[in-house]
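Read the structure below first, then the notes.
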Amino acid sequence: MKVLGISFGRRNQRSDVMVKEALFAAKAAGAEVQFINTVRMDIGHCRACDYCSRLRDKGETEIHCCMKDDYHILEEACLDADGIIIGAPVYAVGIVGQFKNFVDRFGPSHDRAALIEENKKRIEAGKPELDPRYFKDRYTGYISVGGAQTHNWVSLGLPMLDLFSFSFCMKCVGHVDAYDQGRTGHPLFDPELMKKCAELGKAVAESLGKPYDEVDTWVGEEGVCPVCHNPLLSMNGTTHVECPICGIWGDLSVDGDKVKVEWSEQEIARARNTNIGIYEHYNEIQNMIKVCVPKLVANKETLPKMMEKYEKFEETIENM
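The letter at position 55 of the sequence shown is residue 55 when you use the UniProt record's numbering, and the numbering goes up by one with no holes.
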């Protein structure tokens, strides 16, 4: 069983140190470990070309991006891993952009619901099945690293890291919010922080190979959501509130200055990182296709004319 540690921060600086501390603990707990620093890797943004989806639909057993950069190195490492610990810096309230570039390319192309449905078609037709690594359950842990003393300057760090979990239906067993690094100076000056990183690595390692319903481990702040444990809520003007990360609904109540949210088991079971949650999104996309394609077909003659002034933007502007 392998735990992969990924740092999106500077080499041998804070993110590296904390991820490596987690890996030391994972190794001590019996896991094989691997570490990758991405800061010098070329991971470009997704160009929405659908090449990866077309590979899947054409019967290929492995799904690859057509862009020739370093993305595939990180993709293969994640596919080979049984647990993944990610540490990344916060530059402007949320996680560094290179991480989002990777998630945008990794997530949709490995959407578990779409892959399951594709495999069903292949089995029925007697065709080669997809790479079995796409269907392996994995455990994750996250470390958000920020310099700010004021937490609202790093408040989207951990929530953004959770974006990595959804498409592959991975289960997070803990997170570390390592902000205030500007005053700390270096994580090694904070023994409690390093202890939290070690506990995170141990939790990931000890979860490997176990069914999700047998693991209720959580390392870190409890937060308000019972799934992602982040402290964010979306409000709609009522006491019916939503976790914007997991997409589940709860009922809020106030007692004096205390706020409490009750989450039903049914809602928890449909969080984004579950099969139910990922299928909700898959079915939503399929229904969108049914609505969108007929519109495009019906307007195939008129749409090009409607688009002319947008395609010839500079010319249009000059003539206005």
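Backbone N, C-alpha and C fix where the C-beta goes; we use that ideal spot for every residue, glycine too.
DSSP places K260 inside the beta strand (DSSP E), whose first and last residues are K258 to W263. For V219, the secondary structure class from DSSP, reduced to helix, strand or coil, is strand. In this structure, V173 keeps its C-beta atom at 8 Å or more from the C-beta atom of V241. The alpha-carbon of T239 is positioned some 15 Å away from that of D257.
Annotated as proximal: I85 and G201, with beta-carbon spacing under 8 Å. Closest by C-alpha distance to S167, out of E301, D111, I143 and I285, is D111.
DSSP places D16 within a helical segment (H, G or I) once states are collapsed to three. Under the rule that a run must span 4 or more residues, the alpha helix (DSSP H) segments found entirely inside the segment 229–300 read 265–268 and 275–298.
Residue pairing by DSSP places D177 opposite S144 in a beta bridge.
Distance between P226 and G277, taken at the CA atoms: about 15 Å. Closest option to P132, judged by alpha-carbon separation, among L79, D42, G182 and Y71: L79.
Inclusion of V93 and V154 in the CB contact set at 8 Å is warranted, their separation being smaller than that value.
Excluding residues up to 5 positions away in sequence, K202, A205 and E206 lie with their Cβ nearer than 7 Å to the Cβ of A29 in the same chain. When secondary structure is reduced to three states using DSSP, C78 falls in the helix class.
By the Cβ neighbour-count rule, I63 is buried, with 16 or more other Cβ atoms within 10 Å of its own. The bridge partners DSSP lists for Y139 are G83 and K171. Separation of the CB atoms of Y139 and L188 is rounded to 26 Å, and the pair is thereby denied contact status at 8 Å.
In this structure the segment 96–108 lies against the segment 35–54, because at least three pairs of beta carbons, one per stretch, are closer than 8 Å. Rounded to whole angstroms, D82 and P191 show a C-alpha spacing of 28 Å.
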